[in-house]
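Below is one structure, written out as structure tokens; comments come after it.
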Amino acid sequence: MNTLRPKPDETDDDLIRQNANFLKSSKRKQENTDKKAYEECLKKQKPLDSGNDCINDPQMILENTIAPKMMLSDVVEKHFSPQQSLPPKKTSRGFPKVFQRDKMVSSCGDSKKTSIFAQMKKKEADQVPVDDKIDLGAQQAIKNIFGPSEAEKIHIESMKKLSELSEEQILEEKNRLMATLKPETLSFFARRKAKVATVPEEPSRSSQKSMKIEETKELLADDEDLPIPVNEAHKWLHMDVVETEKLKWMKKLPQPKPLAPGDTYPARFDFQGNLLPPNADVHVAKALHHHGDEPERAGYTLEELLLFSRSSVIQQRTIGISTIANILRLAKEGRFDLCFEEQIVPQLVGAGVFAVLRFSLDDSVSMVVQAAADALKNLLASEPDELCLSLLLGTTFGTEQPILFCLPVPDDEKEKGEAPVEERELKDHELLQLDVVKGAIRTDIISRIRYLLEITKPDPKTTLSLVEILIRISRHSRNSALEVGRCIGLMQIIISRFIPIEWESVSKKPAEMDSVYGVPLARAVRLVRVIAAQSKEMASDFVRKYKIMPTIMKYLSAEPGETGIPDGAAILIESFYLWKTLLAYGFSLKDFSSFSPVYAQLLSFHLTTTSLRTEGSFYQEHAAALIRLLQQALEVDRRLHHELPKDMVINMGPVIVRSTASWMQQASENLPLNFSDCKLLGAAISLSQTLFQVLLQWDGVDVVSWMSLLQNFMKSSIVPCVSSKAFQNATASMLEYSTLLSVESSSGKKRDHKGLPSVGSINCGQKVTSILQPKSALFLIQPLISFIKFAADKFPSLKTNILSSLLANNDIKNYVSKIAEDGCPGFDNWFSRTEMHLVVDLLLLAAKSDVLEPYYQTQCHIASLKLVSCIRKNDRKLLLDLFQTWVFQDIFSSHEDVAIGSLKNLSLRDVNQPQPAVLAAINELTIIRDTFIAVFNLKFEEAKDKLNTISLPAECDTLVPRDWPFFPLIKVVSFSQEEVKPGGPEPAVDFQEVVRSLQWILLLETAEHQILHTMLSPTARFCRLACVFLAENCLFLESEIHKYLKEIVSTLLANMESDGKDFDFNEKIPGLKDFWDLYVQLVQQYSSESYGDGLFAHFVFIPLQQRFGSAFKNLIWGERVEVVRFLSLPISELLLPLEKFLEPSEKDISLLTLYLKNLIAGLVKPMWSPILYKVAVHHIMEYIANGEDREFAEKLKIGLPAA
């Protein structure tokens, strides 16, 4: 019952009535409680044994009742000894001393459960001086009055017995007793004895003081090496109660234990996050030694730091979180790549570090929040990735941003029978292990950041860290970017506080300011740019709702030195690329028109002033950003609106071309070009190309004069540049700085947690990805090759000269040949997309040449085949160009010896005559090409105004699968297994797609089977071909399909035998859980719809070879024995040597039993199962002759005649 407080209008009678009700309800509650307690007591009683139930039998009660011993013994009167009270202490005062509380005793700390009075009494008992204790004379007086105690009686009796024993007997008994005791017990008694102090009967004060000193010396007998005396320890801070064990912590540390080579040891870190060696000599003043495990070693383990980060002491908690932040930063930089069996970041995420940091972000202490924000930034984001992505700005695809979401687990990697789990069904810690950013969003981290930025207004370092966290969340996916962009009030705070249109001049860097509120921040502009790149809707909001364009144009109108902020250069660069991002959607094009006078002035400044000889990189970066902005405006104007002022573009066009020619002249002088120089010159060449493409399509433009300008530019700049020594030096470094060909290009992703991917900009060993190295010229070569490809067809007279110069370049040939040899191991690296365009442009230029060497032609063809499965979805045009030039070229007709094939090992084939199927496929290459173009929908063009994002998945999402020649075959099976919706159309199977696919596979198996082997293993190719037999309507019985399929199988077997390869049905096959399931499907399909087809029978027979074990044979001869009757393939038509089914001899007794059983039952006869009959009889006869189990061999011998 809840008792209400009295109200002002209630009387005394009301209070008395309420009190009576309260007492009455309390009594009922107590009665109910007593009743429940009694019932619980009854439940806990053990049940009585029904066989010994004596409750109702009085005699049994008497017989089974045993009186306690204490009730049957003699009655003795209890002895009450008088209480021994001490005589009162003498005092010179007339009244007792007033009790005063000790101010040193507090109710805080570890004494919360002990009263202050009890603590004071304990302290007095522990610290009573010797001269304040009662003297021995008083003790003797008490003994005389009350007599000896029981312990003293026992002592007197023991002494009496000892006096009767001789010295030898005493020593013998002592040794026997000591032998039975443990060493720890003996040392305990020795210490007890050492503490006993002897005092004369009438001690003087001087003797009492000496006794106290001697007693102290004995206490420290075992601790002579303590740093301070015990009697001095209480003078130290927080050592009111001296603890000897803690004093031992201050002794000299032992030397670290030596480690043998190859031994592992716990990793320990200093406060800066550096990994300390096991024998590091670190001074104790650095506070890296502690009293945990291995006190002799300096540093803290990850477990100890996580414990620190949960401490209730603010300083400890801050130190722990700050150290974790430093460790994460160094781990993302690749400092620990080769140090641990498991990488640092996955370890910490698995240990739940995010939850610790997220709780700390909610703390009210500013330094804890600062440390937590820094640690969360280092956990979620990657500073090296952000720097490398910023370096990419100003290149051809620099504005496109990576989407760093977690890839779903493929179906073939899931455990069998595992059902997909909905995200909402996952608990927080489970979601954090699968996707850290999604888990972070679920914890309302975005709302917390908004609160911190709006209400608490943290220090600059914390503010910058929070903005970095928002950037990484926005990079995760479009939905995550919308979560950030549409968090109530967040973007308004970001734009109004950190991208202000008005600001005061400051001289300090952002991290050194007292507050960054009201100061433009480059990171805030980058956040807006990343969100806009993810979502067209948010880009529209920034332009229309938040009115960001006036601010951006104001930033760009000011010179870097006049912005009044130290971060002004970065602000300008980020503002250019934010505007370029908005222009990509078609927004703010009118703003560009109004900004054109300022733009023209800035462009004129760079075109006339900035050169490749300018020291530093800012002017080159600023000019490249300015040029890329105009290029984006031209492309959008051509694609959408046509709103650019033509006069401005036409007037600036010749100036742009002349300045580009001037910069190319400077580059041709063999100057050492840095990364920014290459970026500027590449941007100028790209702008020139876009300018010519746009102006030549505009109405009212003098086409003749512009074509003349283009021709002069080619003659005076492009052709000399390609022939220059500088270009030779640039192409010579292509292999060195290639990311596409680097096997280490994906090594940086190995340090990532599976739920927290990155772009892997830092490779293993702390090396920046190759293409971003300072001396890399690939961002110059790609725009130059693209311009040549654009202009070559317009001037045939120049095409021959420039192509001959390019094709005579051995470095370019070696580059293409390297791709033909090794493929593209770095195709999935985010930074390799520019290089992919470069390779395709080089191949397209080679295709335009009329005098290409046969060897280089073959290399180009092989390189194009290896590039097909490496092209991203948004580069559909590249794949279309490759299909129309190199992939399906008529290279086979010029190499008829290749078309015949290496088929000498097949007795059924006449290798002196070309196979009709191969020749027919060669003649239909154009039809095959068009079929694959239609299958992959390469001619599809999205609507020009349907661009919803300019962000792409960081993980390469390729346009076609790795096994793309087999795609139509897999498509047929998927249609066959697809459930038809009621009333819906049945999926149509395109017969011609299957035929063209088989024709193309046959040509590849015949001429380029090594390329097929890089796509799929022989076993995987065998499984893909088997899909034809699983299609509906007996598709394999179609004559054309049957013909090409048989040729493919024959060629595949011949190639495997010539290469020394074999099937491996235990390997992991892409797209299949295991081969066994597919084989069971094939056997079932054969028994139901094969019609005894010999080609189909081969797919059943091939796994039955002796080297593949007994599982497949047991299936045929046991579980699916009905199929034996239909396996009627003649021995003469078998594409494999029969010996592969006969050797080695079978030793499996159970399988031999099945052979004999089916022979006796008459299921296997030579007339309808010649191969299986031959196999069964052979193995039975071999076992009868040479089998190890002679008893079983005799049984086979007896049973064989009956068969």
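In our numbering, each residue's number is its place in the sequence shown (first place is 1) plus 27.
Note that CB positions come from ideal geometry on N, CA and C, so glycine has one too.
Since the structure is predicted, the reported quantities are computational estimates derived from the model, not experimental observations.
DSSP-derived helix/strand/coil call for arginine 324: In the structure shown, arginine 324 sits in coil (DSSP, three-state: anything other than H, G, I, E or B).
Every unbroken alpha helix (DSSP H) within the segment 512-550, with a cutoff of 4 residues, ordered by chain: List check, alpha helix (DSSP H) in window: 517-525.
Lysine 34 classed as buried or exposed, judged by whether at least 16 other C-beta atoms fall within 10 angstroms: Flag for lysine 34 reads exposed.
CB-CB length for leucine 768 against lysine 845, believed under 8 angstroms: Your pair leucine 768 and lysine 845 checks out as a contact, with CB atoms roughly 6 angstroms apart and the cut at 8 angstroms.
Those runs of the alpha helix (DSSP H) which lie wholly inside the segment 1039-1126 and span at least 4 residues: 1045-1053, 1066-1086, 1102-1116, all fully within the segment 1039-1126.
Candidates Leu805, Tyr764, Trp857, Phe754: closest to asparagine 836 by CA position: When only C-alpha atoms are compared, the closest one is Phe754.
Sufficient close CB pairs (3 or more, under 8 angstroms) joining the segment 669-688 to the segment 625-642: Result yes; three or more Cβ-Cβ pairs closer than 8 angstroms.
Sequence-distant residues of its chain with Cβ nearer than 8 angstroms to glutamine 1108 (five each side left out): Around glutamine 1108: Leu1057.
Assumed close pair serine 715, valine 749 - CB separation to whole angstroms, cut-off 8 angstroms: The C-beta distance from serine 715 to valine 749 rounds to 15 angstroms, too long to fall under 8 angstroms, and the pair is not in contact.
Limits of the beta strand (DSSP E) - the one that glutamine 428 falls within: 428-430 is the span of the beta strand (DSSP E), which, as asked, contains glutamine 428.
Leucine 1025 to phenylalanine 619 span [Cα, whole Å]: Spanning the two alpha carbons is a distance of roughly 54 angstroms.
Beta-carbon proximity check, glutamine 886 vs valine 843, cutoff 8 angstroms: Their beta carbons are under 8 angstroms apart, which means glutamine 886 touches valine 843 by this criterion.
Buried/exposed call for tryptophan 690, threshold 16 Cβ in 10 Å: With 16 or more Cβ atoms within 10 Å of its Cβ, tryptophan 690 is classed as buried.
Residue from Val309, Arg324, Glu270 whose Cα sits closest to the Cα of tyrosine 292: Of the listed residues, the one whose Cα sits closest to tyrosine 292 is Arg324.
Per DSSP, the bridge partner or partners of asparagine 790: Asparagine 790 pairs with Lys794.
Simplified DSSP assignment, three categories, for arginine 337: In this structure, arginine 337 counts as coil in the three-state DSSP scheme.
Whether arginine 295 touches threonine 328 by CB criterion (8 angstroms): Less than 8 angstroms divides the Cβ of arginine 295 from the Cβ of threonine 328.
Distance, valine 786 Cα to aspartate 412 Cα: Approximately 7 angstroms, taken between the alpha carbons.
Validate contact between the segment 415-433 and the segment 362-370 using beta carbons, cut 8 angstroms, 3 pairs: Touching, no, given that fewer than three Cβ pairs across the two stretches are closer than 8 angstroms.
DSSP beta-bridge partners of threonine 985: Secondary-structure assignment with DSSP links threonine 985 through a beta bridge to Arg899.
The segment 498-507 / the segment 463-471 touching (three or more Cβ pairs under 8 angstroms): Cβ pair count under 8 angstroms is three or more, so yes.
Collapsed DSSP secondary structure at histidine 317 in the structure displayed: DSSP places histidine 317 outside both helix and strand once states are collapsed to three, so it counts as coil.
8 angstroms contact criterion, which valine 730 and leucine 723 should meet: CB distance rounded: The C-beta distance from valine 730 to leucine 723 rounds to 6 angstroms, short enough to meet the 8 angstroms contact threshold.
Nearest-angstrom Cα separation, counted from serine 185 out to alanine 94: With a pLDDT of 42 at alanine 94, under the threshold of 50, the modelled position of that residue is not reliable, and no figure is offered here.
Straight-line Cα distance separating glycine 1189 from isoleucine 1198: Roughly 15 angstroms separates the two Cα atoms.
For arginine 295, the residue or residues it bridges with in DSSP: Beta-bridge pairing links arginine 295 to Leu303.
Contact belief for valine 546 with leucine 605 at Cβ below 8 angstroms, rounded distance in angstroms: The beta carbons of valine 546 and leucine 605 sit about 17 angstroms from each other, so the pair does not count as a contact at 8 angstroms.
At least three beta-carbon pairs within less than 8 angstroms, the segment 258-265 to the segment 296-307: Output reads no: the segment 296-307 does not touch the segment 258-265.
Cβ pair count under 8 angstroms reaching 3, the segment 1070-1089 against the segment 1119-1136: The segment 1070-1089 is in contact with the segment 1119-1136.
Straight-line gap, alanine 382 to serine 142 (C-alpha atoms, nearest Å): Going by the C-alpha atoms only, they are around 38 angstroms apart.
First and last residue of the uninterrupted beta strand (DSSP E) at proline 593: No residue range can be given for proline 593, since it is assigned to no beta strand (DSSP E) and is classified by DSSP as neither H nor E.
Which of helix, strand or coil DSSP assigns to serine 1137: In this structure, serine 1137 counts as coil in the three-state DSSP scheme.
Euclidean distance between Cα positions of leucine 1179 and serine 1155: The C-alpha of serine 1155 is placed about 21 angstroms away from the C-alpha of leucine 1179.
Unbroken beta strand (DSSP E) run spanning serine 978, endpoints: For serine 978, the enclosing beta strand (DSSP E) stretches over residues 978-980.
Cut-off 6 angstroms between Cβ atoms - residues of its own chain near lysine 893, not counting five sequence neighbours on either side: Excluding positions up to five away in sequence, the list reads Gly850.
Any chain D beta carbon closer than 8 angstroms to lysine 781: Here there is only one protein chain, and chain D is not present.
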